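A short worksheet on the structure shown next.
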Amino acid sequence: MKKLQFTIPLVCVSLLLSGCSDDDQTPSNPGDGDATQLTGVYWELDHEGVKVAAASDTDLPNVYYFSESRLKYYNDDKVSGTYEIEFSDFDYDEETKSITFNYYDTDVKEVQGIYSFDDGKLIIDGGNDGFYNGFDQSDNKLVEDAAKDADDRYGESKVARIQNITEELSGTLNMALSEPAAEGSFDADITYRLNEDSAEDGDSKAYVAVYTNGFTSANSYGELLFEAIDGERAQIKYRKLSNAFSDPICEFTMGETLPIKTTWGNDQFSFTIENAEVISDSADIEGNTCTATVDYAVSNEPVKFLNVRIAAKKTVSSHEVLVDNVKSVTGETVLFDNDFESFEDGYELGGGHGFRGESAQATVITVAGQQ
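For the sequence shown, counting from 1, position 124 maps to 124 in UniProt numbering; every step adds exactly one.
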């Protein structure tokens with residue numbers, strides 16, 4: 001991107017950004033927020049002035065995309081016309097209009113200030129640092145296409161984040177099947193990791209379960225337990241017919257995504273966990289996969305519910321669980337299917353779309369893979 005350090009009157013800027021058209025334009029996804037809100041908008045942002053050079057295939061404006069808890073900075077500084085993404089956390093408050101974020105120039109600088117809007121323009125008062133101004137580029141097709149391409153290359157994905165950072169509510173994601181099933185399957189991608197937003201050393205246990213008539217251990221048909229060993233490794237157990245948990249059967253590296261496949265029926269509960277190392281004779285090993293078939297846990301009735309949760313009630317947790325690509329089927333009938341891509345960042349799961357209202361501290365976030 002070529003940096004132009006000058007200011008142009010607002011009328012001219014609006015003409016440049018809209019292509020000198022008086023027609024109303026509707027922003028396209030994913031930058032589909034309106035220009036009087038901070039999040040969900042591609043903001044072209046600069047200090048004490050706005051870069052307003054019209055974008056071309058070989059020269060794109062660098063833009064900031066604020067989601068509910070994370071900033072994506074799209075820039076083509078290395079290769080003109082091809083965005084790279086810098087990821088960072090940021091904080092903001094819609095009531096006080098306060099904001100703290102990283103501003104990218106020659107160096108990265110943390111900015112603290114108050115934001116407002118004026119005729120569709122974003123204005124951030126950085127105090128002694130001066131003003132940071134931005135224009136909405138969400139209706140710029142070149143920006144939109146380049147950003148989508150970058151998202152694809154960086155492996156962007158929406159997931160459910162389940163954490164337990166308050167004793168008042170238990171971190172849990174409860175899901176209801178479309179109909180009870182005496183046999184079926186439940187697949188999901190599970191990431192168990194330290195919660196960087198929690199300073200607590202509380203309960204670290206996490207659970208993945210299929211339930212019959214309610215969300216209690218007495219209704220557990222099959223259940224897996226994840227538990228930290230140290231700061232890097234964790235182990236997995238399963239619930240036994242005695243309603244106690246087994247000895248550890250496999251270990252894995254925390255933070256690594258584990259594709260998990262489970263089945264229930266005929267008095268048995270089977271599971272296959274990829275990227276896990278077998279440490280028990282109770283499980284079989286197939287390459288980098290832990291697999292076992294065990295007796296049902298407690299309740300041998302048709303399964304009605306799926307559950308992923310972190311920590312016990314009235315506790316806090318130093319860990320969290322990310323869940324993606326949840327699917328449950330019986331025969332050729334799909335009982336539940338959600339990859340969270342249709343939700344906005346920050347959406348609280350519970351009460352709709354097959355998610356039960358008892359769910360708590362379960363929100364949708366966007367995570368990035370490797371380029």
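For each residue, glycine too, the CB sits at the ideal point set by N, CA and C. Remember, it's a predicted structure, so these values are computed and weren't measured experimentally.
* Start and end residues, alpha helix (DSSP H) containing residue 142 -> 141-153
**Study point:** Between the CA atoms of residue 310 and residue 44 - distance to the nearest angstrom
**Key:** 39 Å
Problem - C-alpha gap between residue 133 and residue 125, whole angstroms - result: 9 Å
key: Identity of the residues DSSP links to residue 238 by a beta bridge   = 224
- prompt: To the nearest angstrom, how far is it from the Cα of residue 93 to the Cα of residue 99?
  reply: 7 Å
Check: Quick one: what does DSSP say residue 119 is sitting in, helix, strand or coil?
Finding: coil
- Item | Beta-carbon proximity check, residue 344 vs residue 364, cutoff 8 Å | yes
Discussion item. Given this structure, state the Cα-to-Cα distance separating residue 141 from residue 155, to the nearest angstrom.
Written reply: 21 Å
- Task: Check each candidate in 347, 354, 352, 353 and name the one with the smallest Cα separation from residue 361.
- Result: 347
### Query
residue 260 lies in the beta strand (DSSP E); which residues open and close that run?
258-265
Which same chain residues, not among the five before or five after residue 291, have their C-beta less than 6 Å away from its C-beta?
272, 284
Exercise for the section: With a threshold of 16 other CB atoms inside 10 Å of the CB of residue 136, please say whether the residue is buried or exposed. Expected result: buried
Close Cβ partners of residue 130 (< 8 Å) along its chain, the five nearest in sequence each way excluded
47, 48
When the Cα atoms are used, what is the spatial distance from residue 123 to residue 115?
6 Å
>> By DSSP's criteria, residue 137 is part of a beta bridge. Which residues make up the other side?
In response: In DSSP, residue 137 forms no bridge with anything.
Within the same chain, show all residues whose beta-carbon is closer than 7 Å to that of residue 359, passing over the 5 residues directly before and after it, in chain order.
172, 173, 174, 349, 350
According to DSSP, which residues form a beta bridge with residue 108? 104
If you run the structure through DSSP and keep just helix, strand and coil, what is residue 219? helix
(request) Buried or exposed for residue 353, please, with buried defined as at least 16 other CB atoms from any protein chain shown within 10 angstroms of its CB. (result) exposed
Practice problem: Pull up the CB-CB distance for residue 184 and residue 303, whole angstroms please, since I reckon it's below 8 Å. | Solution: 6 Å
Report all residues from its chain with a CB closer than 7 Å to the CB of residue 274; omit the five preceding and five following residues, and keep chain order. 258, 259, 288, 289
Does the separation of the CB atoms of residue 277 and residue 256 fall below 8 Å?
no
Tell me whether residue 182 is buried or exposed, calling it buried when 16 or more other Cβ atoms sit within 10 Å of its Cβ. exposed
- [ ] With distances taken Cα to Cα, identify the nearest neighbour of residue 428 among 254, 212, 264, 37.
- [x] The displayed coordinates of the chain run from 1 to 371. Any statement about residue 428 would go beyond what the structure contains.
Original post:
Expressed to the nearest angstrom, what Euclidean distance is found between the alpha-carbon atoms of residue 13 and residue 263?
Top reply: Summary for residue 13: the model assigns pLDDT 33, below 50, so the residue's position carries little reliability; its value from the coordinates is reported in the next sentence. Spanning the two alpha carbons is a distance of roughly 59 Å.
task: Tell me whether residue 204 is buried or exposed, calling it buried when 16 or more other Cβ atoms sit within 10 Å of its Cβ.
output: buried
- Rounded to whole angstroms, how far is the Cβ of residue 163 from the Cβ of residue 198, which I believe are closer than 8 Å? 7 Å
Practice item. Could you check the C-alpha separation between residue 52 and residue 81 for me, to the nearest Å? Key: Any reading at residue 52 must be qualified, since the residue scores a pLDDT of 42, below 50, and its modelled position is unreliable; no value is offered.
Practice prompt. Report the rounded CA-to-CA distance for residue 109 versus residue 101, giving the unit in angstroms.
Written response: 8 Å
From 104, 179, 66, pick the residue whose C-alpha is nearest to that of residue 331; which is it? 179
Inset, instruction - Below 8 Å CB to CB, which residues in the same chain sit around residue 24 once its five sequence neighbours on both sides are set aside? - result: Any reading at residue 24 must be qualified, since the residue scores a pLDDT of 37, below 50, and its modelled position is unreliable; the value itself is stated next. Counting only Cβ-Cβ distances below 8 Å, and skipping sequence neighbours, we find nothing.
Where do the ends of the beta strand (DSSP E) carrying residue 185 lie?
184-194
- Message: Could you compute how far the alpha carbon of residue 86 sits from the alpha carbon of residue 299?
- Response: 48 Å
Quick one, which of 167, 228, 207, 188 has its alpha-carbon nearest residue 194's? 228
**Study point:** C-alpha gap between residue 206 and residue 246, whole angstroms
**Key:** 15 Å
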